[in-house]
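Numbers given in my numbering equal positions in the sequence shown, counted from 1, plus 28. Just so it is clear, CB atoms sit at the ideal spot from N, CA and C, and this is done for glycine as well. Inspection log for the structure reproduced underneath, given as structure tokens.
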Amino acid sequence: MVDQTQALDFKLRLRERAAQLRDELQRTRAKSVDETPGNVAERARDSEDDSFATLIVDTNLSEIERDVDELRMIDSALQRINAGTYGNCVDCGQSIPFARLRAEPTAERCVQCQELYEKTHVSARTPSL
Ligand SMILES: [Zn+2]
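Structure representation (structure tokens):
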């Protein structure tokens, strides 16, 4: 189980990470403004490759998406700390091993439930044809 001191420690780490991510997001957004398809296409004209512009914008988008995803995870971890349920698996309620939390403070499931979750949810994100 996670005691109060440990919870506080995680809280600080999570907040630090969240600040870092927000910073990153801001920079990525600033970069995206610089590299609007028009600008990039302008610069990439010599390479006669229009898809280059799209590629850069797509990369920024997936970067943003990943950061936003992580921020969401951090937010929910902080909520669990405040609610006193941090360190318990959200699916089966068992405590998540401390080593796992240290490695991944946003972990909300024990290893078994996470594996099951990934098996049942990750494939659902793949568009079915
Ligand atoms: Zn579990």
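* C-alpha gap between C141 and I124, whole angstroms -> For the purposes of this step, residue 141 is taken as residue 113 along the sequence shown, with counting starting at 1. For the purposes of this step, residue 124 is taken as residue 96 along the sequence shown, with counting starting at 1. Each residue's alpha carbon lies about 10 Å from the other.
* To do: Using the beta-carbon of each residue, find all residues closer than 6 Å to any heavy atom of ligand 1 and list them in chain order.
  => C117, D119, C120, Q122, R137, C138, Q140, C141
* Asked: What is the residue span of the alpha helix (DSSP H) that R130 lies within?
  -> Numbered from its first residue, the sequence shown carries residue 130 at position 102. 126-131 is the extent of the alpha helix (DSSP H) around R130.
* **Backbone CA spacing between N116 and N88 [nearest angstrom]** => Along the sequence shown, one-based indexing puts residue 116 at 88. Along the sequence shown, one-based indexing puts residue 88 at 60. Rounded to whole angstroms, N116 to N88 spans 34 Å at the Cα level.
* To do: Have a look at the DSSP bridge pairing and note the partners of S104.
  => Counting from one through the sequence shown, the residue named residue 104 turns up at place 76. None; S104 has no bridge partner.
* Asked: Name the DSSP beta bridge partners of S123, please?
  -> Sequence index remark: in the sequence shown, residue 123 carries index 95 (1-based). Paired residues: N116.
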